[in-house]
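See structure below.
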Amino acid sequence: MIRVALAVAVGGAAGSVMRFLVANWVAGNWPRHFYLGTFAVNIIGCLLIGLLSGLFLTRTDLPLELRTGLITGVLGGFTTFSSFSLEIMKLVEGGRAPEALGYLAFSIIGGLLAAWVGLSLARLAS
């Protein structure tokens, strides 16, 4: 169990750094649309969690540390739904409710579609 916890910790650190780098890059290029970094991270994370989950269903021979480290660690550290919620509140409080609603809808629908595409790709590969 300690090896799985260490895999999650290392993966979480890597995922968090990747999220930080993406968010800073987006903010540097599109400062008014600060939330696009979180949007991109969540869509990419949903796609990858669908893909990896689907692949791991057929690859139970892979070590638990690897599977858990990638899904719970890396993707848990990479995706940012708590930041997503705060950003929506900032948009609403800043008088940008239509933009907040669009961000909310596209994130949820896009995330679900990305997870479905990931699972479908994994099923095609197996």
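Residue numbering for the sequence shown follows my numbering, starting at -11 and increasing by one per position. We put the CB at the ideal spot given by N, CA and C, even for glycine.
Legend entry - Where the alpha helix (DSSP H) containing Phe44 begins and where it ends: Here residue 44 is taken as the residue at index 56 of the sequence shown, counted from 1. Phe44 -> alpha helix (DSSP H) spans 24 to 46.
Legend entry - Boundaries (first-last residue) of the alpha helix (DSSP H) holding Arg20: Stepping through the sequence shown from its first residue, residue 20 is reached at position 32. In the DSSP annotation of this structure, Arg20 is not part of any alpha helix (DSSP H), being labelled neither H nor E.
Legend entry - Beta-carbon contacts of Trp104 that lie in its chain and below 7 Å, excluding the five residues immediately before and after: Position 116 of the sequence shown, counted from the start, is the residue given in the question as residue 104. If we look at Trp104 and ignore the five residues flanking it on each side, its Cβ neighbours are Gly38.
Legend entry - Candidates Val(-8), Phe66, Ala2: closest to Pro51 by CA position: In the sequence shown, counting from the first residue as 1, residue 51 sits at position 63. Measuring C-alpha to C-alpha distances from Pro51 to each of Val(-8), Phe66, Ala2 identifies Val(-8) as the nearest.
Legend entry - Whole-angstrom distance between Gly61 and Ala113, CA atom to CA atom: Taking the first residue of the sequence shown as 1, we reach residue 113 at position 125. Taking the first residue of the sequence shown as 1, we reach residue 61 at position 73. Each residue's CA atom was taken as its position, placing Ala113 and Gly61 some 24 Å apart.
Legend entry - 8 Å contact criterion, which Gly33 and Phe66 should meet: CB distance rounded: For this step, residue 33 is matched to residue 45 along the sequence shown. For this step, residue 66 is matched to residue 78 along the sequence shown. Confirmed, about 5 Å.
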